[in-house]
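Residue numbers (the numbering used here): 210 to 484. Ideal Cβ positions, reconstructed from N, Cα and C, are used throughout, including at glycine. Since the model is a prediction, treat every value here as computed from it, not as a measurement.
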């Protein structure tokens, strides 16, 4: 059963509207002129914790092994809330296609519940992945004394992964949407399972990009916006054969030019470039 055009437009508008609200919540301290220094924030929107009292672990020989920063329950909940807000802002636009699939494969009286279960499964995966990325972030920050060297390594890793054939395999799997049962507990389980599966394939393809914003010395919000746009645009590309090639950048540039030039000038520019 195909989704009517007006329902698809309504769903897409609702998704982008929620994402915009999340972005406004993220940017509100900056817009209100109340941006505090990093030393006054327990956890940033990127999920990067600022220094808090820590304790060190030592080898039997007395050699310093690592500095471990404990997280109190309050800090854990604060991180989870900021991470969830960041996910809504960055990742929600990438869910238009799977949400449309759930919407079109569910009866009208079950659509809200099915879509909520899908988002719940998707968010649960990213909550677990986010805690793993946070641990990895802390680990590599202990290895690199120079934050600019660390940022360069993170960007290089993301670029290599972006062009790798394995990433294309994960993106291809993200385009596949399982059939959903129509009734009962099985329908709810299928929607939840689809969210878990889609979240897993999405995390597998995007983990390197998601590491970049919190590892930058500054400009976290700009990096979040750029990474979010790239992840959205690479999902607009059709599935392809796994090979070494750039993904998402051409679509992102075209998307930006379309928004800046408008449809007519953009089409004229493309026709001229094809001659």
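What would DSSP say about residue 487, mapped onto helix, strand or coil? Here the chain comprises residues numbered 210 to 484, so residue 487 is not present and cannot be evaluated.
Have a look at 299, 387, 327 and flag the residue whose alpha-carbon is nearest the alpha-carbon of residue 397. Per the Cα distances, 327.
Tell me the residue span of the alpha helix (DSSP H) that contains residue 426. Segment: none, residue 426 is in no alpha helix (DSSP H) and carries neither H nor E.
Starting from residue 379, trace the alpha helix (DSSP H) both ways and give me its first and last residue. Counting along the chain, the unbroken alpha helix (DSSP H) around residue 379 starts and ends at 374-383.
Does residue 315 come out as helix, strand or coil in the three-state DSSP assignment? Residue 315 falls in the coil class under three-state DSSP.
With a floor of 4 residues, list each alpha helix (DSSP H) that falls wholly inside the region 334-407, ordered by position along the chain. Along the length of the region 334-407, whole alpha helix (DSSP H) runs at least 4 residues long occupy 356-372, 374-383, reported in chain order.
Looking only at its chain, what residues have a beta carbon closer than 8 Å to the beta carbon of residue 364, apart from the 5 residues adjacent to it on each side? Only 421 meet the Cβ criterion.
Any contact between the region 345-364 and the region 302-312? By contact I mean 3 or more CB pairs, one from each, below 8 Å. The way I'd put it, the region 345-364 doesn't touch the region 302-312; fewer than three beta-carbon pairs between them come closer than 8 Å.
Assigned exposure category for residue 444 - 16 Cβ within 10 Å defines buried: Counting of Cβ neighbours within 10 angstroms places residue 444 among the buried residues, the total reaching 16 or more.
Supposed close pair residue 439, residue 414 - CB separation, criterion 8 Å: Rounded, the Cβ-Cβ distance is 11 Å, inconsistent with contact.
Let me confirm a value: residue 357 is counted as buried when at least 16 other C-beta atoms fall within 10 Å, else exposed. Which label applies? Burial check for residue 357: the Cβ neighbour count within 10 Å stays below 16, so the residue is exposed.
Quick check: what's the CA-CA separation for residue 459 versus residue 442? One C-alpha to the other measures close to 9 Å.
Residues in its own chain within less than 8 Å of residue 402 by CB, not counting five upstream and five downstream? By the criterion of a C-beta distance shorter than 8 Å, residue 402 is surrounded in its chain by 330, 387, once the five residues flanking it on both sides are discounted.
Does residue 457 come out as helix, strand or coil in the three-state DSSP assignment? In the three-state reduction of the DSSP assignment, residue 457 falls in the coil class, being assigned neither a helical nor a strand state.
Local conformation of residue 274 per DSSP, three classes: Only weak support exists for where residue 274 lies, its pLDDT of 39 falling under 50; the value from the coordinates is given anyway. In the three-state DSSP reduction, residue 274 falls in the strand class (E or B).
Quick check on this structure: which residue in 215, 371, 334, 390 has the alpha carbon closest to the alpha carbon of residue 410? When 215, 371, 334, 390 are compared, the shortest CA-CA separation from residue 410 is found for 334.
Do residue 304 and residue 224 come within 8 Å of each other at the CB atom, strictly closer than that value? When the beta-carbon positions are compared, residue 224 and residue 304 come within less than 8 Å of each other.
According to DSSP, simplified to helix, strand and coil, what is residue 162? No statement about residue 162 is possible, as the shown extent of the chain runs from 210 to 484 and does not include it.
Residues near residue 353 in its chain [Cβ-Cβ closer than 8 Å; skip 5 each side]: 359, 362, listed in sequence order.
Cβ shell of residue 382 (< 6 Å), same chain only, five flanking positions each side left out: Here residue 382 has 410 as same chain residues with Cβ atoms under 6 Å from its own Cβ, once five neighbours each way along the sequence are excluded.
Helix, strand or coil: which one does DSSP assign to residue 213? Residue 213 sits in coil when the DSSP states are folded into three classes, being neither helix nor strand.
Of all the options 234, 321, 214, which has the alpha carbon lying nearest to the alpha carbon of residue 299? Ranking the options by Cα distance to residue 299, first place goes to 234.
Can you give the Cα-Cα distance for residue 320 and residue 456, rounded to whole angstroms? Rounded to the nearest whole angstrom, the CA to CA distance from residue 320 to residue 456 is 33 Å.
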